[in-house]
Amino acid sequence: MWKYPTLFDVIVIGAGHAGCEAAHAAAKMGARTLLLTMNLDTIGKMSCNPSVGGTAKGHMVREIDALGGLMGKIADRCSIQFRMLNASKGPAVRSPRSQADKAAYALEMKHRLERTPYLEIQQGTSESFLIEQGRIAGVLTQEGIEYRAKTVVLSSGTFMRGLLHIGQTNFSGGRGGDKASHGLSPCLERLGFQLGRLKTGTPPRVNRRSIDLSLCEEQPGDEGVFFSYDAPEERMAQISCYVTYTTPKTHEIIRNNLHRSPLYAGTITGIGPRYCPSIEDKVVRFADKERHQIFLEPEGLSTDEIYVNGISSSLPFDVQLDMIRSVIGLEKAEIMRPAYAIEYDFVKSDQIFLTLETKRVEGLFLAGQINGTTGYEEAAGQGMIAGINAAAKALGKEPFMLKRSDAYLGVMIDDLVRFDTTEPYRMFTSRAEHRLLLRQDNADLRLRPAAFQLGLISKDQYDRVCHKQEMIEGQVARLKKIFKSIEGKSTSLAQLICRSDWTFEKVQSAYPEEMQDCGQEINEQIEMHLKYEGYIERQKKEVEKLLLLDSIKIPKGFDYEKVVGLRTEAKQKLSQFTPDNLGHASRISGISPADSSILRIALQKRFS
Numbered sequence: 318m319w320k321y322p323t324l325f326d327v328i329v330i331g332a333g334h335a336g337c338e339a340a341h342a343a344a345k346m347g348a349r350t351l352l353l354t355m356n357l358d359t360i361g362k363m364s365c366n367p368s369v370g371g372t373a374k375g376h377m378v379r380e381i382d383a384l385g386g387l388m389g390k391i392a393d394r395c396s397i398q399f400r401m402l403n404a405s406k407g408p409a410v411r412s413p414r415s416q417a418d419k420a421a422y423a424l425e426m427k428h429r430l431e432r433t434p435y436l437e438i439q440q441g442t443s444e445s446f447l448i449e450q451g452r453i454a455g456v457l458t459q460e461g462i463e464y465r466a467k468t469v470v471l472s473s474g475t476f477m478r479g480l481l482h483i484g485q486t487n488f489s490g491g492r493g494g495d496k497a498s499h500g501l502s503p504c505l506e507r508l509g510f511q512l513g514r515l516k517t518g519t520p521p522r523v524n525r526r527s528i529d530l531s532l533c534e535e536q537p538g539d540e541g542v543f544f545s546y547d548a549p550e551e552r553m554a555q556i557s558c559y560v561t562y563t564t565p566k567t568h569e570i571i572r573n574n575l576h577r578s579p580l581y582a583g584t585i586t587g588i589g590p591r592y593c594p595s596i597e598d599k600v601v602r603f604a605d606k607e608r609h610q611i612f613l614e615p616e617g618l619s620t621d622e623i624y625v626n627g628i629s630s631s632l633p634f635d636v637q638l639d640m641i642r643s644v645i646g647l648e649k650a651e652i653m654r655p656a657y658a659i660e661y662d663f664v665k666s667d668q669i670f671l672t673l674e675t676k677r678v679e680g681l682f683l684a685g686q687i688n689g690t691t692g693y694e695e696a697a698g699q700g701m702i703a704g705i706n707a708a709a710k711a712l713g714k715e716p717f718m719l720k721r722s723d724a725y726l727g728v729m730i731d732d733l734v735r736f737d738t739t740e741p742y743r744m745f746t747s748r749a750e751h752r753l754l755l756r757q758d759n760a761d762l763r764l765r766p767a768a769f770q771l772g773l774i775s776k777d778q779y780d781r782v783c784h785k786q787e788m789i790e791g792q793v794a795r796l797k798k799i800f801k802s803i804e805g806k807s808t809s810l811a812q813l814i815c816r817s818d819w820t821f822e823k824v825q826s827a828y829p830e831e832m833q834d835c836g837q838e839i840n841e842q843i844e845m846h847l848k849y850e851g852y853i854e855r856q857k858k859e860v861e862k863l864l865l866l867d868s869i870k871i872p873k874g875f876d877y878e879k880v881v882g883l884r885t886e887a888k889q890k891l892s893q894f895t896p897d898n899l900g901h902a903s904r905i906s907g908i909s910p911a912d913s914s915i916l917r918i919a920l921q922k923r924f925s
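For the sequence shown, our numbering gives the first residue as 318, with consecutive numbering after it.
Put into C-alpha cells, the structure is as follows:
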C-alpha cells in the first residue's frame, strides 16, 4: 500500500450527483478536497431519468443553486426543454423541471469540477476506510493507494453490492454498464453500521426513428423558466417531449408474464419506491385502470435514444419488447437498452446526525442513496450539506444545519434522521409543513445570506439578493400607503393587488404613474408577498413555536430509562435516534405529544 503524499481536508467517494455537489462545496469553502471516483468518464452521469427538477425536486434544485451549488446552472445550460409544473396552482406547489441532454450534462459537470480551485479529481475504487482512535483518517483503494484526510464523504449511489435484474437473469453492477462496489459494505459492517437493501428501476430506451410520433400528444416546453438565480446560462436548442398511453393489450401481456418478473417471483428482496412503481406494480395495484400515461423524453440532441418514462420494469427482454410494441405509437419500436431493476445496500436510519456525519465514526459523512433516498435532486442536496459540514469540521468551523422551516433540504434531512427507512425516500411538497414559506421562487432570499457567510457565493451575488430583498420590502410598504377610490371606497394599491381578480400587472396597467416596474422577478415577489401575507405571517408564528422546542437541548448520553412516566416504546425510539433537542425528539415517529411533555419536564428538572 503506497501512501499518497497530500493530506486532504476532505475526500469525497463517488462522483454522482451527491459526490459532485459535496466536492464542489467543500472546495469552494477553501478545503483541500479529493474527489475519488471509479470512472472519470461517468462523473455527473444521469443514470436514469434525463431530467432535473419536478414537483418539490425543483424547489431543492433552486435551494442548491441559492447555496452556490452546480446542479441548477448545469441543468440550465444543458436543458433541451423547460417546464413550470403546476403553473396554474398556488405558488407553494409550482415547480420547475428541465429535460436535459444527458451527455452534455455529464461533460459540463466534469468540466466545471476540473476548473474548481482546491479540488483534485482522481480515478480509483475505494475498498475500505482508515480509522484511527474512532475517527476517520483516510481511504484505502483497490489500486493499492492510501489517501489520508481529516474528513470523508461517502456518496456511493447504487453501487454498494449492486445487483441488476432483467427477468430471472441477474448480475453484479452499480447500474447498467458499470461495475459494483464490493469492498465498502463489509467495511461499514465491520465498523458496526447496520445496512439494508433497497431497490429501484429504470425503463427501456427506444430508438426515436422507430416511434410514430404522429399518434402521440406533443408536449412543448415553457419559455423563460430557469433554475439559477444568477445570469442565465446560454441554452441549447429547445425541443418537445411526447405523451402516449398503455393499452389493454399492454396490461394483458404484463399479467400473463408476472411469474417471469423477479419482483413477483421473489428473486428481488430489496424494497422499491412506492411513489415510482414499476409497470408491473401499476398493473397489479390499479387493476381497474384501463391505461397508464407514458412520457417519451429525448435523452439529448445528438442521440435518437428516447427514455420511456412511466414504464419501469424488470421483466425479461422478450416480454419488454412485446409490452413496448403494444403501446400507442410504439408498435414498431426498437429497444436500444432494456429496462432493469437494481438492488443495493444502504445505511439504515438513526446512524447519522443532522450534519450528515455518522454517529459511529467521527469525520465520516454520508450523502445520497446510501441514506435511503432516491432521485438526483435529493442526492445533490445531501451532497451539498455533507460537503459543507465535512469542510467545516476539517477547517475548525461551526457545523451548518438547516431547519425544516429553512428549506426543503432541511425537511429532507430531518426526515432521514428521525424516520425508520422502509422504502426509498422521495421529496414531495406535502412533506413540508411550511411550504408557503419554502417556495421555489424565494430560495435565494432564504439561503443566500448563509451561503455568503460560508464562502459559497461571491460578494456580488450576495449584494444582488440584498438589493432584491430591499426592493421587495420597500415596494410593499409603499403600495400600502397609496390609496385610490375603487368602487366608492378608499383602497390601497396593496389591497387591490390582493384581490383574486387583480394582479400586479393589471394594477400597473391601471395606475402606471404610481406603480414602479422593478422587473418581472421582483414584481412577482411583491404580488405573492401581498396576496399571501396573512398566511405567511401565520406560518411564521407556527415556526416560532417549533423553534422554542428546538432550543431545548438534550445532552449527549441522556438516560431515557430514568425518565419517569415515559412509555417503553418512546424510551426505545429516543435511545435509538439520540435526538439533539426536544423539537427533534417530538418529531420522531412513535413519539406522542404526551411523551414530549414528559421529556420536557424531565429536562427542565435536570437544568433547574
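Using N, Cα and C, we set each Cβ at its ideal position, and we do this for glycine too.
Query: Length of the line joining the Cα atoms of Lys649 and Met640; Result: 11 Å
Query: beta-carbon Arg855 near the ligand GTP non-hydrogen atom, thresh 6 Å; Result: What this structure holds is no ligand at all, so the ligand GTP is not there to describe.
Query: Whole alpha helix (DSSP H) elements within the segment 582-665, 4-residue minimum; Result: 596-602 and 634-641
Query: For Ser775, the three-state DSSP class (helix, strand or coil); Result: coil
Query: Rounded C-alpha distance that separates Pro829 from Ile839; Result: 17 Å
Query: Presumed contact (8 Å Cβ cut-off) between Pro521 and Arg577, rounded CB distance; Result: Incorrect: roughly 16 Å between the Cβ atoms, too far for contact.
Query: Backbone secondary structure at Lys320 - three-state DSSP; Result: strand
Query: Under the three-state DSSP convention, the category Tyr559 falls into; Result: strand
Query: Opening and closing residue of the beta strand (DSSP E) in which Glu534 lies; Result: Glu534 to Gln536
Query: Beta strand (DSSP E) runs wholly inside the segment 781-820, at least 3 long, in chain order; Result: 800-803 and 806-809
Query: Identified DSSP bridge partners for Met401; Result: Pro413
Query: Reference Phe670, options Ile448, Glu535, Asp897 and Ile330, closest by Cα; Result: Asp897
Query: Assigned exposure category for Thr586 - 16 Cβ within 10 Å defines buried; Result: exposed
Query: Cβ-Cβ distance between Asp662 and Arg400 below 7 Å; Result: no
Query: Span of the alpha helix (DSSP H), counted from its first residue to its last, around Ala420; Result: Lys419 to Glu431
Query: Alpha carbon of Gly782 to alpha carbon of Gly491, nearest angstrom; Result: According to the sequence shown, residue 782 is Val rather than Gly. Going by the C-alpha atoms only, they are around 41 Å apart.
Query: Proximity to Ser909 [Cα-Cα], best of Phe769, Ala420, His376 and Ala887; Result: Ala887
Query: Burial state of Gln686, where buried means 16 or more other Cβ atoms lie within 10 Å; Result: buried
Query: Residue ranges of each beta strand (DSSP E) within the segment 656-743, 3 or longer; Result: 657-664 and 681-683
Query: Touch test, the segment 508-515 against the segment 355-374, Cβ-Cβ under 8 Å, three pairs minimum; Result: no
Query: Minimum C-alpha distance to Ser914 - residue among Glu695, Gln833 and Ile869; Result: Ile869
Query: Pairwise C-alpha distance: Ala339 and Glu431; Result: 14 Å
Query: Classification of Ser502 by the beta-carbon crowding that lies within 10 angstroms, buried from 16 upward; Result: buried
Query: Where Val860 sits in the DSSP three-state scheme; Result: helix
Query: Backbone secondary structure at Gly836 - three-state DSSP; Result: coil
Query: Continuous alpha helix (DSSP H) stretch holding Phe894: start and end; Result: Thr885 to Phe894
Query: Uninterrupted alpha helix (DSSP H) stretches inside the segment 344-408 (no shorter than 4 residues); Result: 374-383 and 388-395
Query: Residue span of the alpha helix (DSSP H) that contains Thr567, given as start and end; Result: Pro565 to Asn573
Query: Endpoints, beta strand (DSSP E) assigned at Lys873; Result: Unbroken run through Lys873: none, as it is neither H nor E.
Query: Distance CB(Gly727)-CB(Arg721) smaller than 7 Å; Result: yes
Query: Where Thr746 sits in the DSSP three-state scheme; Result: helix
Query: Which listed residue (Tyr742, Pro322 and Lys345) has its alpha carbon closest to that of Glu463; Result: Pro322
Query: Cβ pair count under 8 Å reaching 3, the segment 691-704 against the segment 360-370; Result: yes
Query: Under 7 Å between C-beta atoms of Gln398 and Gln610; Result: no
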